[in-house]
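J.: First, the structure itself, so that you have it in front of you.
Residue numbers (my numbering): 40 to 218.
Put into structure tokens, the structure is as follows:
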């Protein structure tokens, strides 16, 4: 037991020293678990998110905790710029004067999630393109990406930032899927 404590302390020091490392938890089941904390406006930090590294086809259990004051979302996209440009274009084309509550009813946000999603999530027996977490709540879901490459995890919500998204304020991170 003493050895495990030393490994965890050493890992914590290495993470703080480098600033960019995967945040895996040790699990007795052998599965990798990852804890991300959503804040305004970042993951595990107030701007941006940590670089995550996984293997192709690897099952990752993610615990997404929302310590912020607004709803946050988690979606994995291949092309962050194209995804955000589509959202910006939809906001611009919808006309001015919309509130952040109205934007979800007018914009084809679900269609954009489906178009740009690079991964599916399994949560409570449901396959989802994106996961939402309310303030002060935690959701648990499984993520598997079957193609190697560089992806982005992002929060495209508009709450408290409309017409910008949370991602426009830096709420995204890099996800590297190794062969």
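Note that the Cβ used here is the ideal one computed from N, Cα and C, for glycine as well.
Please state whether the Cβ-Cβ distance between residue 101 and residue 74 is less than 9 Å.
T.: yes
J.: Rank 175, 187, 72, 196 by C-alpha distance to the C-alpha of residue 14 and give the top, closest one.
T.: The structure shown does not extend to residue 14, since the chain is modelled only from 40 through 218, so no value can be given for it.
J.: The beta strand (DSSP E) spanning residue 77 covers which residue range?
T.: Looking at the DSSP string, the run of the beta strand (DSSP E) that includes residue 77 is 71-78.
J.: When the Cα atoms are used, what is the spatial distance from residue 197 to residue 165?
T.: 25 Å
J.: To the nearest angstrom, report how far apart residue 113 and residue 194 are at their CA atoms.
T.: 5 Å
J.: Answer with buried or exposed for residue 173, where buried requires no fewer than 16 other C-beta atoms within 10 angstroms of its C-beta.
T.: exposed
J.: How would you write the range of the beta strand (DSSP E) that residue 85 sits in, first residue to last?
T.: Taken as a continuous stretch (DSSP letters only), residue 85 belongs to no beta strand (DSSP E), as it is neither H nor E.
J.: Report yes if the C-beta distance between residue 126 and residue 160 is below 9 Å; otherwise report no.
T.: no
J.: Would residue 209 and residue 191 be called neighbours here (beta carbons separated by less than 9 Å)?
T.: Using a Cβ distance threshold of 9 Å, residue 209 and residue 191 do not count as a contacting pair.
J.: Residue 204: buried (16+ other C-beta within 10 angstroms of its C-beta) or exposed?
T.: buried
J.: Nearest-angstrom Cα distance between residue 119 and residue 71?
T.: 25 Å
J.: Here's the rule: buried if 16 or more other CB atoms are within 10 angstroms of the residue's CB, otherwise exposed. What is residue 218?
T.: With fewer than 16 neighbouring CB atoms inside 10 Å of its own CB, residue 218 falls in the exposed class.
J.: How about residue 186 and residue 215: are their beta carbons less than 9 Å apart?
T.: no
J.: So what's residue 155 in DSSP terms, helix, strand or just coil?
T.: helix
J.: Alpha carbon to alpha carbon, how far is residue 111 from residue 89?
T.: 17 Å
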